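Visitor: Okay, here's the structure, questions in a sec.
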Amino acid sequence: MRGKLIQQIVDEQVETAAAMRADVVTLVGGLNDTLRPKCDMVRVRELLTEAVERLAPHCGQLVLMRSPGRQGPVLERFRPRMEALFECVDELAERHGALVVDLYGAPSLGDPRLWDVDRLHLTADGHRRVAEAVWQTLGHTPEDPDWRLPPEATLPPRWTARRAEDARFARQYLLPWIGRRLTGRSSGDGLPPKRPELLPYEAR
Numbered sequence: 001m002r003g004k005l006i007q008q009i010v011d012e013q014v015e016t017a018a019a020m021r022a023d024v025v026t027l028v029g030g031l032n033d034t035l036r037p038k039c040d041m042v043r044v045r046e047l048l049t050e051a052v053e054r055l056a057p058h059c060g061q062l063v064l065m066r067s068p069g070r071q072g073p074v075l076e077r078f079r080p081r082m083e084a085l086f087e088c089v090d091e092l093a094e095r096h097g098a099l100v101v102d103l104y105g106a107p108s109l110g111d112p113r114l115w116d117v118d119r120l121h122l123t124a125d126g127h128r129r130v131a132e133a134v135w136q137t138l139g140h141t142p143e144d145p146d147w148r149l150p151p152e153a154t155l156p157p158r159w160t161a162r163r164a165e166d167a168r169f170a171r172q173y174l175l176p177w178i179g180r181r182l183t184g185r186s187s188g189d190g191l192p193p194k195r196p197e198l199l200p201y202e203a204r
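Under full-length UniProt numbering, think of the first position of the sequence shown as 1, with each following residue one higher.
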């Protein structure tokens with residue numbers, strides 16, 4: 001669920017997921033914490049470790065992720081925290097036999113066209129590529145073997161169009177995002193899970 005902090009994931013989701021004893025469990029957490037003005041990385045590591053230790057014994061395969069990170073001045077200041085988080089992910093995976101989907105340096109997901117207008121969440125095509133990556137990490141043949149490749153090159157928008165888009169982004173997304181960070185709120189507050197019940201995979 002988008003916007004959740006690692007403490008919320010541990011409190012609200014981990015026990016439920018462990019009780020399902022699913023064949024595959026994916027755990028992606030901690031990144032939202034790194035984007036907060038104040039972030040206790042020691043505590044983030046502790047909570048992520050707790051989540052992995054509770055999930056790993058109760059599923060067939062635990063999958064962790066080095067999340068994709070796009071370039072840009074806003075996110076650049078948080079990059080040391082993100083890299084510290086991913087070091088923790090790698091350590092936990094080795095210790096508990098988890099798989100790691102490494103999207104942090106994937107060329108395709110560095111393309112701004114695969115990111116939504118808020119510049120924090122992926123588009124539908126971006127999510128499709130992440131699903132292909134997870135599927136491949138699990139040892140299966142991806143439907144799109146070229147998911148790592150960026151979309152075909154197109155002419156970049158004009159300078160004036162880029163500046164207008166930057167202004168719209170700042171007004172509609174960046175300033176509200178800063179406001180939520182300062183007040184401890186999240187875009188995911190109050191959102192219910194999309195699939196609260198365990199369901200089998202249905203091949204197409």
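From the three backbone atoms N, C-alpha and C, an ideal C-beta is built for every residue, glycine too. Note that this is a predicted model, so its numbers are computed, not measured.
Would a C-beta distance cut-off of 8 angstroms place Arg-27 and Ala-51 closer than the cut-off?
Guide: What you label residue 27 is simply residue 27 of the sequence shown in a count that begins at 1. What you label residue 51 is simply residue 51 of the sequence shown in a count that begins at 1. Reading off the sequence, residue 27 comes out as Leu, not Arg. Against a cut-off of 8 angstroms, the Cβ pair of Ala-51 and Leu-27 comes out as a contact.
Visitor: List in chain order: all unbroken alpha helix (DSSP H) runs of 4+ residues lying wholly within the region 72-145.
Guide: 73-76, 79-96, 124-137
Visitor: Among Cys-59, Gly-3, Tyr-104, which one has its Cα closest to the Cα of Leu-198?
Guide: As a working note, residue 198 is residue 198 in the sequence shown. Residue Cys-59 is the option with its Cα nearest to Leu-198.
Visitor: Whole angstroms is fine: what's the gap from Ala-98's alpha carbon to Trp-159's?
Guide: Within the sequence shown, the letter at position 98 stands for residue 98. Within the sequence shown, the letter at position 159 stands for residue 159. For Ala-98 and Trp-159, the distance between alpha carbons rounds to 45 angstroms.
Visitor: Return the CA-CA distance between Gly-3 and Asn-32, expressed in angstroms with no decimal places.
Guide: Locating residue 3 in the sequence shown gives position 3, counting from the first residue. Locating residue 32 in the sequence shown gives position 32, counting from the first residue. Between the alpha carbons of Gly-3 and Asn-32 lies a gap of roughly 6 angstroms.
Visitor: Between Leu-48 and Pro-107, is the Cβ-Cβ spacing less than 8 angstroms?
Guide: Against the sequence shown, residue 48 aligns to sequence position 48. Against the sequence shown, residue 107 aligns to sequence position 107. No, these two residues do not count as a Cβ contact at 8 angstroms.
Visitor: Considering only the beta carbon of each residue, do Ala-133 and Leu-182 sit closer than 8 angstroms?
Guide: Position 133 of the sequence shown, counted from the first residue, corresponds to residue 133. Position 182 of the sequence shown, counted from the first residue, corresponds to residue 182. Against a cut-off of 8 angstroms, the Cβ pair of Leu-182 and Ala-133 comes out as no contact.
Visitor: Relative to the C-alpha of Gln-13, which candidate in Tyr-201, Pro-196, Pro-200 has its C-alpha closest?
Guide: Position 13 of the sequence shown holds residue 13. Considering only Tyr-201, Pro-196, Pro-200, the residue with the shortest C-alpha distance to Gln-13 is Pro-196.
Visitor: Round the Cβ separation of Val-100 and Val-89 to the nearest angstrom and send it over; I've been treating them as touching at under 8 angstroms.
Guide: Residue numbering aside, residue 100 sits at position 100 when the sequence shown is read from its first letter. Residue numbering aside, residue 89 sits at position 89 when the sequence shown is read from its first letter. The beta carbons of Val-100 and Val-89 sit about 6 angstroms from each other, so the pair counts as a contact at 8 angstroms.
Visitor: Using the Cα positions of Arg-54 and Ala-131, report the straight-line distance between them to the nearest angstrom.
Guide: Position 54 of the sequence shown, counted from the first residue, corresponds to residue 54. Position 131 of the sequence shown, counted from the first residue, corresponds to residue 131. Approximately 24 angstroms between the Cα atoms of the pair.
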